[in-house]
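2 protein chains.
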Amino acid sequence: MGNGSKTPKNGRNAPTIADVAERAGVGIGTVSRVINNSPAVRPETRAKVQAVMEELGYVPNPHARRIAGGRSYTVSVLLPFVGTEFYLRLLEGIEAELGEQRYDLALFPLLSKQRLERFLSSSALAYHTDGLIVASYDLAERFPGGRLPTDRPVVMVDARSEAYDSAYLDNALGGRLAAEHLLALGGPVFAVQIEEELDRAFASTVFSARIGGFREALAQAGVPLPEDHVFRTRLSAEGGQIALQRFLELQRPPLNVFAAADVVALGVVEAAERSGLEVGREVRVLGFDGQPWTATRGLSTLEQPVETMGRAAARMLIERLQGTKGPPRHERFEPRLVVRASTQIGS
Amino acid sequence: MGNGSKTPKNGRNAPTIADVAERAGVGIGTVSRVINNSPAVRPETRAKVQAVMEELGYVPNPHARRIAGGRSYTVSVLLPFVGTEFYLRLLEGIEAELGEQRYDLALFPLLSKQRLERFLSSSALAYHTDGLIVASYDLAERFPGGRLPTDRPVVMVDARSEAYDSAYLDNALGGRLAAEHLLALGGPVFAVQIEEELDRAFASTVFSARIGGFREALAQAGVPLPEDHVFRTRLSAEGGQIALQRFLELQRPPLNVFAAADVVALGVVEAAERSGLEVGREVRVLGFDGQPWTATRGLSTLEQPVETMGRAAARMLIERLQGTKGPPRHERFEPRLVVRASTQIGS
DNA sequence: CCTGCGGTGGGAAACGGTTCGAAGACGCCC
DNA sequence: GGGCGTCTTCGAACCGTTTCCCACCGCAGG
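Below is the structure:
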């Protein structure tokens, strides 16, 4: 096996920093500096090196980076193990921001508490990462001292934490906006609440915050929400279908329904259509999340800036990784009411 | 900051192989051989080294292993992004087997096709692992040539693939067993089928195989299954609730329901209880999966040896990693009927 | 013309492991 | 007693990066 002939193609042995250096006629240190955006490189040199990297398809080996530099340029993202589009969008945002800073991410689905603890303590995993982004759960509060047993920086997203930086949505505000909107339409108001035990391992509070804000705004307007106007279900479209059935037993159309999540709102719409009721007139439905498909289904919703929140979280983490000190910072985001056919008479 | 005093505790700087070697009075090569179960170590030496490793809390750095040895002793597990207990159990099995061989795993939730392709091609991730275990989807068939674009070994679990080793359950057999059992009870038979688009990114075939076997066995017994005796829903307990509602519109109790998944069967049970019907007599319910909680809920089910399948998949992968050649091997597993109160008259 | 200095670039050392050639210890045989 | 395997063990070399020290360059100032 003479290794005289280079095989820099996407084959078994990838090109190394030495290959790049040689081909570009510079030293390995210079290549490293280019990779790490060090300012101490002349623009022409940088361009030349980058061209060679491109040509050779060079990608720095993260394991080597980790071992040499102490950092892996990788962050772990801990996310609930539920299949919703929300997390897809959130990751989109996180990844966009991390990518610009040449960071990678490793996903860690939160399947069980046991697994989480193994992840955090036993260091044997592939998750030897520089920092953590935790989505949707305030994991910190379930550990003694209110802090995760790790010395790496942590940022919360879609959740607020006292102990760590966080980027979160004002869910209660969303509930209040929902109340205002539905009240303006006139007619009785109902709500679909969602069980917090998302995946029977961890509990989130977003849904109760949404319904809480809703209830509060209604009360302030002098229209309290009766208990039987609230239906609780697990997170599924079918739960929304059942909810509307119940509501129709109590009340003849027209009626207004606020669902704490778009998926559930979709079920309400499905059930209405199946019952031959006109959505937007006889049954008005307002969801929450702003999932992409709500536009084509004509579903009114409270849109949250998911990608933006993801980016914000990633940015905060990177700043911490670069040494920023100081008390936890919190970025608050607001949902935006998007009115579509499902809460508008006719088209 | 004199570093004269060692801090081998679980602090910032973990002990290295050199620390262990020094403390044990051996060379680093010997320590490495102990770590890797090389036979060329005297038992007493091995014991001594292991004692020191224990004492120091030494864990080999996977990045260093990867860089030095070419392997990372880590395998990726690709799994659908749905929050079911099935995957928890599957991972339990996989992890048990891998752990015995000193391998770690990195989870990769299959959120979208786009993300999968990035994972497989762009090598920049932390997922520089030695092999892949793919759960539930025959991902291979969606790539040109019917093979994943990777040269690392691949094993399928809970799915069968022509191109790769696989450990899978005979779902059709489960359906047939279900049919036999329900027929023996007497009375009309219904089925709840589940949408294959588990998480709207990838499609699985397990549910249609289950219902397929069910239908086939019924037909053979001369009791074909009418179309309106099959209700389709997404995977959720509420879907089961709605299904029973529909069935009760067509048929007065007693009736028998086979649900293609335990979660859905649970919904059927819930709906029956809410309607004041006696489960096991007026409504008989049979699930599929053998989730741990079925025991306490008295739900009859087709139990699958999930952990065992996971172990089998991991074992096959490790063998491949150790150089085993040859055509794809397939391990077939069979579900086992567990009869409980939900398909038994009285207690 | 010499000196000093900021801006660049080169490459040795280090990171924490694996691997492999070499060497020591020991027992056996002639 | 010397020759020769076998069984263990040692530690240097290496994996692909980062980091740091030093050298070099060109230019302004004395």
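Chains A and B, in that order, give the protein sequences. In terms of our numbering, the first sequence opens at residue 404 and continues consecutively. In terms of our numbering, the second sequence opens at residue 404 and continues consecutively. Here a beta-carbon is modelled for each residue, glycine too, at the ideal position from N, C-alpha and C. For clarity, every value in this text was computed on a predicted model and none was experimentally measured.
One or two residues paired with residue i in a DSSP bridge
| i | result |
| --- | --- |
| residue 679 of chain B | Its beta-bridge partners do not exist; DSSP assigns none. |
| residue 706 of chain B | B/692 and B/739 |
| residue 559 of chain B | B/537 and B/569 |
| residue 483 of chain A | A/513 |
| residue 658 of chain A | A/686 |
| residue 508 of chain B | B/478 |
| residue 747 of chain B | Note: residue 747 of chain B sits in no beta bridge, so no partner. |
Close-in-space but distant-in-sequence residues of the same chain around residue i (CB under 6 Å, 5 per side omitted)
| i | result |
| --- | --- |
| residue 469 of chain B | 475 |
| residue 447 of chain A | none |
| residue 564 of chain A | 541 and 543 |
| residue 490 of chain A | 482 |
| residue 734 of chain B | 570 and 715 |
| residue 527 of chain A | Any reading at residue 527 of chain A needs caution, since the residue's pLDDT is 46, under 50, leaving its predicted position unreliable; the model's value is listed next. Same-chain partners within the cutoff: there are none. |
| residue 633 of chain A | 594 and 596 |
| residue 721 of chain B | 504 |
Residue-chain proximity (residue i, chain A), Cβ-Cβ < 7 Å
| i | result |
| --- | --- |
| residue 512 of chain B | yes |
| residue 466 of chain B | yes |
| residue 579 of chain B | no |
| residue 639 of chain B | yes |
| residue 589 of chain B | no |
| residue 473 of chain B | no |
| residue 645 of chain B | yes |
| residue 469 of chain B | yes |
| residue 642 of chain B | yes |
| residue 515 of chain B | yes |
| residue 740 of chain B | no |
| residue 418 of chain B | no |
Candidates the options: closest to residue i by CA position
| i | options | result |
| --- | --- | --- |
| residue 585 of chain B | B/747, B/708, B/560 and B/419 | B/747 |
| residue 608 of chain B | B/707, B/728 and B/562 | B/562 |
| residue 573 of chain B | B/730, B/712 and B/723 | B/712 |
| residue 445 of chain A | A/456, A/455, A/433 and A/532 | A/433 |
| residue 630 of chain B | B/653, B/638 and B/642 | B/653 |
| residue 513 of chain B | A/504, A/487 and A/522 | A/487 |
| residue 454 of chain B | B/428, B/466 and B/473 | B/428 |
| residue 478 of chain B | B/727, B/732, B/449 and B/717 | B/717 |
| residue 423 of chain A | A/442, A/462 and A/443 | A/462 |
| residue 520 of chain B | B/459, B/550 and B/622 | B/550 |
| residue 674 of chain B | B/663, B/694, B/650 and B/693 | B/650 |
| residue 681 of chain A | A/497, A/638, A/500 and A/745 | A/745 |
| residue 557 of chain A | A/699, A/537 and A/460 | A/537 |
| residue 736 of chain B | B/577, B/464 and B/726 | B/577 |
| residue 701 of chain B | B/480, B/668, B/546 and B/441 | B/668 |
| residue 599 of chain A | A/465, A/539 and A/492 | A/539 |
| residue 643 of chain A | A/627, A/664, A/467 and A/443 | A/664 |
| residue 493 of chain A | B/501, B/472, B/515 and B/498 | B/515 |
Cutoff 7 Å: residue i Cβ touching any chain B Cβ
| i | result |
| --- | --- |
| residue 421 of chain A | no |
| residue 555 of chain A | no |
| residue 485 of chain A | yes |
| residue 497 of chain A | no |
| residue 491 of chain A | yes |
Neighbourhood of residue i by C-beta distance below 7 Å, restricted to the same chain and skipping five residues each side
| i | result |
| --- | --- |
| residue 505 of chain B | 476 |
| residue 692 of chain A | 489, 664, 665, 704 and 707 |
| residue 615 of chain B | 575 and 578 |
| residue 498 of chain B | 508 |
Neighbourhood of residue i by C-beta distance below 8 Å, restricted to the same chain and skipping five residues each side
| i | result |
| --- | --- |
| residue 449 of chain A | 437 |
Does the segment 653-671 of chain B come into contact with the segment 577-597 of chain B, if we say contact requires no fewer than three beta-carbon pairs (one atom in each stretch) closer than 8 Å? yes
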